[in-house]
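Counting from 1, one number per residue, gives the positions in the sequence shown under UniProt numbering. Let me begin by presenting the structure, written as structure tokens, before commenting on it.
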Amino acid sequence: MEQEIRVPERRTGNTKHMFRNTEYGTWNTEHRTWNTCYGTQNMKQCASKSGGSVVEHHSSYWEQPFSQPYFDNTTKRETTTTVGQTAYLYCRVRNLGDRAVSWIRKRDLHILTVGILTYTNDQRFQSLHGDGSDEWTLKISSPQVRDSGTYECQVSTEPKISQAFNLSVVVSKAKINGNSELYIKSGSDINLTCIVLQTPEPPSFIYWYKGDHVINYSQRGGINVVTEKQTRTSRLLISKALPADSGNYTCAPSTAESASVLVHVLNGG
């Protein structure tokens, strides 16, 4: 026998609870079984198939007090950036009310920001927050390797609640395959391949220099540059090299330390 069950609205004092997980279905009193109607089903169709009325069932495990702040756990908790590349840590707090959000550096428990105010002499740290937004962002300008570590987003409830965010600041470097000096015969091709190492995001550009001059758009014919951002590689090809092509060649990515190779073009003999 299918019996309709009505779940009363749950309250604690005057505080209404928000249920974050809801199941719909029917309860069979004879067999003491619960038939779940999944959210993709039409509720009337579900009731018809199970032979009873559709009711709500709330799992207390997912109950969340509506008046209490809580963290949105969908935000990114692990961030990697390169030295000098601005880093952002995003903390999202629901139902904040009149509480304050602070950012704390865990290694020394140093308070960096409270609300949108900076509480450290290091002005590289800044809290960003838009009116009406649930997001409190810690901005770290010109991060260095020493800034790597755990940062906590803390809410001034009683007791306090916090969420940890891990930041890794790495040194990104370019590397040109082969030796630091290259000897080739006149009339041969100069073929250089540059790889950008330890970079979380592909560089926006990779320039090649000969001495102090960019050669990507050189007027000399026979130069070809192929850059693949996703593989973080760039290839420089100079066909039929002449002694005048001798010099210092540098691969300079937008977000990494550059790398150089000294090329000697020798007259054939």
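For every residue, glycine included, the Cβ atom is placed at its ideal position computed from N, Cα and C.
Cβ contact annotation for ASP72 (same chain, cutoff 8 Å, sequence separation greater than five): ARG92, VAL93, ARG94 and ASP134, in chain order. Its chain contains SER186 and VAL265 as the residues whose beta carbon lies nearer than 7 Å to that of LEU242, once the 5 sequence neighbours on both sides are disregarded; these appear in chain order. Here DSSP, grouped into helix, strand and coil, assigns VAL93 to strand. Within the same chain, ARG77, LEU89 and TYR151 come within 6 Å of PHE165 by CB-CB distance, once the 5 residues on both sides are set aside. Inter-segment contact for the stretch 170 to 189 and the stretch 95 to 103 is absent: fewer than three beta-carbon pairs are separated by less than 8 Å. Between the alpha carbons of GLN123 and PRO69 lies a gap of roughly 29 Å. In the structure shown, PRO202 falls within a coil segment according to DSSP collapsed to helix, strand and coil. Taking C-beta separations shorter than 8 Å and ignoring five residues to either side along the sequence, the partners of GLY149 in its chain run ARG105, LYS106, ARG107, ASN166 and LEU167, following chain order.
Secondary structure note for GLU181: its beta strand (DSSP E) is the uninterrupted segment 181 to 185. Note that the C-beta distance between ILE215 and ILE206 is not below 8 Å. Of all alpha-carbon atoms in LYS240, ILE140 and PRO203, the one lying nearest the alpha-carbon of THR118 is that of ILE140. DSSP places ARG235 within a strand segment (E or B) once states are collapsed to three. Closest option to GLU228, judged by alpha-carbon separation, among ARG220, ASP212 and VAL196: VAL196. Relative to VAL83, the option among SER260, HIS129, ALA256 and SER162 whose CA is nearest is ALA256. Looking from the CA of CYS251, the closest CA among VAL170, SER162, ASN191 and CYS153 belongs to ASN191.
Here the alpha carbon of GLY211 sits roughly 5 Å from the alpha carbon of ASN248. The alpha-carbon of PRO202 is positioned some 43 Å away from that of GLU158. In the DSSP annotation of this structure, ASN267 is not part of any beta strand (DSSP E), being labelled neither H nor E.
Per the DSSP secondary-structure output, TYR249 pairs in a beta bridge with LYS210 and VAL261. In the structure shown, ALA164 falls within a strand segment according to DSSP collapsed to helix, strand and coil. Taken atom to atom, the span from the alpha-carbon of VAL114 to that of VAL170 is near 27 Å.
Here ILE111 is exposed: its Cβ has fewer than 16 other Cβ atoms, across all protein chains shown, within 10 Å. Secondary structure at VAL226: strand, using DSSP grouped into helix, strand and coil. If you look at LYS139, you'll find it in the beta strand (DSSP E) that goes 135 to 140. Contact check for CYS194 against SER234 passes: the beta carbons are separated by less than 8 Å.
Residue pairing of ASN121 in beta bridges, as defined by DSSP: absent, with no partner found.
Remark: C-beta atoms of ALA174 and SER102 do not approach each other more closely than 8 Å.
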